[in-house]
Amino acid sequence: MIKRPGETENFIIFLIILLMFSSFMPSCSGAGRCSSTGTVNVSHLAGGGWGNVDGTGAAASFYNPSSITTDGTSLYIADYGNNTIRMIAIASGTVTTLAGKAGIVGHADGKGVDATFNSPSGIATDRTNLYVADSGNNTIRKIVIATGEVTTLAGKAGIIGHVDGTGAAAKFNSPAGITIYGTILYVADTWNNAIRKIAIASGAVTTLAGKAGIIGHADGTGAAASFYNPCGITTDETSLYVADYGNSTIRKIVIATGEVTTLAGTAGIIGYADGTGAAASFYSPSGTTTDETNLYVADSGNNTIRKIVIATGEVTTLAGTAGVASHADGTEKAASFYYPWGMATDGTNLYVTDYGSGTIRKIVIATGEVTTLAGMTS
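For any residue, its number in our numbering is found by taking its place in the sequence shown, counting from 1, and adding 25.
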């Protein structure tokens, strides 16, 4: 079981998380934009305490929520510690469980509570289905939103490896991030240090970039590029953007060619600096989302939300204060996070899974307006 944040220093906890990827456990997709005033505000949407209780706002509870996506009406959460997939109605903050059963670890296909997961981490949607990186099972699962029916798209539970192939013939090693563009899924195959591509219709898996077993930070094309525990992944439909967790950098991959470059940060440099390109620094970034002009990054080790202008690589801080790990609503630095992990938006708000506090946070980007939809943390 993962230690809950607060028991040790940030680095040690995240090291534990990484070391346990093989036996457990984020894509974020969506868009958001900064307000014209430059003010970004944070409020608490749902959660409070640890557990698996369905309910509204603070009456609901999560256990290490890791990733989040949205269809514009609802949010969908990979509730990693509970081995469930949760749904939140954005308008009301009401939380329900769509699939899986809290406390049950397994890999059973089925409907709703009849399905089981093992530390689901990444999640993405095409508004009809959800796609889940089921990290502990080393598989990619599909959930029909309307029915909660779960099937396995690729990989085989209990089998660790790096094999391209179709359906159960393909192998993964703790996939943690997933995003979708058209009929293709892109997966951050974390412990393989590779980015995989899955044709949804057939379940055919290929490797787009990186080479299994090779840890590094080399820019290049396809297998000539290297990563170090890539985690969150998102797309602007031309390129993929990867939170390269182990390198504390943000990488860019041209989908058509597999060419990998470094957009921001410097490999091996852990820190917290706003700036452009290599002048900026991060601390174990995990989640990403984009509005096709900017990237938004959950800078987990720094407990902050960062913004990157894609065209220039300029990095600024939207909310949170580096070195402050807590849960406070407020404006910009007055707000605080506790290991923010996954990110998504509905086009108006930015939604963040605050992994360490077991909550779902909301950032109103367009207007800077702060609202509390469901009370405060306990």
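Just so you know, even glycine gets a beta-carbon here, dropped at the ideal spot from N, CA and C.
(request) Classify residue 170 as buried or exposed, calling it buried when 16 or more other Cβ atoms lie within 10 Å of its own Cβ. (result) buried
(message) Residues in the same chain with beta-carbon distance under 7 Å from residue 310, minus the five sequence neighbours each way, listed in chain order, please.
(response) 268, 270, 273, 275, 322, 323, 324, 325.
(request) List in chain order: all unbroken beta strand (DSSP E) runs of 3+ residues lying wholly within the segment 61-140. (result) Whole beta strand (DSSP E) segments, 3+ residues: 66-72, 90-95, 99-104, 109-114, 119-124.
(request) Taking residue 236 as part of the beta strand (DSSP E), name the residues at either end of that continuous run. (result) Where residue 236 is concerned, there is no enclosing beta strand (DSSP E), given that its DSSP letter is neither H nor E.
(request) Within the segment 212-275, note down every full alpha helix (DSSP H) run reaching 4 residues or more, in order along the chain. (result) The alpha helix (DSSP H) runs of length 4 or more contained entirely in the segment 212-275 do not exist; there are none.
(message) Short of 6 Å in beta carbon distance, which residues of its chain neighbour residue 127, apart from the five on each side in sequence? Order them along the chain.
(response) 77, 107, 109
(message) Per DSSP, what are the beta-bridge partners of residue 206 in this structure?
(response) 209, per the DSSP bridge assignment.
(request) Measure the Cβ-Cβ separation of residue 3 and residue 360 and say whether it is below 9 Å. (result) Absent from the structure is residue 3, since the part of the chain shown begins at 26 and ends at 403.
(request) Rounded to whole angstroms, what's the CA-CA distance from residue 75 to residue 149? Just pull it up for me. (result) Spanning the two alpha carbons is a distance of roughly 24 Å.
(request) Please look up how many angstroms separate the CB atoms of residue 151 and residue 205, rounded, as I've assumed it's under 8 Å. (result) Right, the Cβ-Cβ distance comes to about 6 Å (below 8 Å), so this counts as a contact.
(request) Work out the CA separation of residue 213 and residue 91 for me, nearest whole Å. (result) 14 Å
(request) Alpha carbon to alpha carbon, how far is residue 159 from residue 94? Give it in angstroms, no decimals. (result) 15 Å
(message) Would you say residue 316 lies against chain B (beta-carbon separation less than 9 Å)?
(response) Reference to chain B is not applicable here, since this structure consists of a single protein chain.
(request) Following the continuous beta strand (DSSP E) through residue 287, name the residue where it begins and the one where it ends. (result) 284-289
(request) Just list the alpha helix (DSSP H) runs in the segment 324-372, keeping only unbroken ones of 4 residues or longer that don't cross its boundaries, in chain order. (result) Qualifying alpha helix (DSSP H) stretches: none in this window.
(request) With DSSP collapsed to three states, give me the class of residue 160. (result) When secondary structure is reduced to three states using DSSP, residue 160 falls in the helix class.
(request) Have a look at the DSSP bridge pairing and note the partners of residue 312. (result) For residue 312, which the question treats as bridged, DSSP gives no partner whatsoever.
(message) Please state whether the Cβ-Cβ distance between residue 258 and residue 338 is less than 9 Å.
(response) no
(request) Could you give the DSSP three-state label for residue 383: helix, strand or coil? (result) coil
(message) I need the DSSP call for residue 183, collapsed to helix, strand or coil.
(response) coil
(message) Is it buried or exposed, residue 181, if we count other Cβ atoms within 10 angstroms and call 16 or more buried?
(response) Buried, because 16 or more other Cβ atoms sit within 10 Å of the Cβ of residue 181.
(message) Check whether the segment 221-232 and the segment 186-196 touch, using three or more Cβ-Cβ pairs below 8 Å as the test.
(response) The answer is yes - the segment 186-196 touches the segment 221-232, with three or more Cβ pairs under 8 Å.
(request) Could you please give me the residues that DSSP links to residue 321 through a beta bridge? (result) 314, 332
(request) Would you mind giving the Cβ-Cβ distance between residue 266 and residue 320, rounded to the nearest angstrom? I have them listed as a contact below 8 Å. (result) 5 Å
(request) With DSSP collapsed to three states, give me the class of residue 149. (result) Residue state, collapsed to three classes: strand.
(request) Would you check if the distance between the CB atom of residue 9 and the CB atom of residue 388 is smaller than 9 Å? (result) Shown here, the chain extends from 26 to 403; a query on residue 9 therefore has no answer.
(message) Just to confirm before moving on: does the CB-CB distance between residue 140 and residue 124 stay below 9 Å?
(response) yes
(message) Classify residue 199: buried if its beta carbon has 16 or more other beta carbons within 10 angstroms, exposed otherwise.
(response) buried
(message) Can you find the residues in the same chain that come closer than 6 Å, C-beta to C-beta, to residue 307, ignoring five residues on each side of it along the sequence?
(response) Hits under 6 Å: 273, 290, 324.
(request) Sort 368, 366, 346 by Cα distance to residue 358 and report the nearest one. (result) Checked all of 368, 366, 346; the closest Cα to residue 358 is 346.
(message) Using C-beta distances below 6 Å, list every residue in its chain close to residue 374, excluding the 5 sequence neighbours before and after it, in chain order.
(response) 387, 389
(request) Take residue 244 and list the residues in its own chain whose beta-carbon comes closer than 7 Å to its own, dropping the five residues that flank it on each side. (result) 250, 285, 286, 287
(request) Report the partner residues of residue 306 according to the DSSP bridge assignment. (result) Residue 306 pairs with 298.
(request) Give the C-beta separation of residue 179 and residue 165 to the nearest angstrom, bearing in mind that I take them to be a contact with Cβ-Cβ under 8 Å. (result) 5 Å
(message) Considering Cα atoms alone, identify which of 136, 162, 112, 378 is closest to residue 130.
(response) 162
(request) May I ask you to report which of helix, strand or coil DSSP gives residue 391? (result) coil
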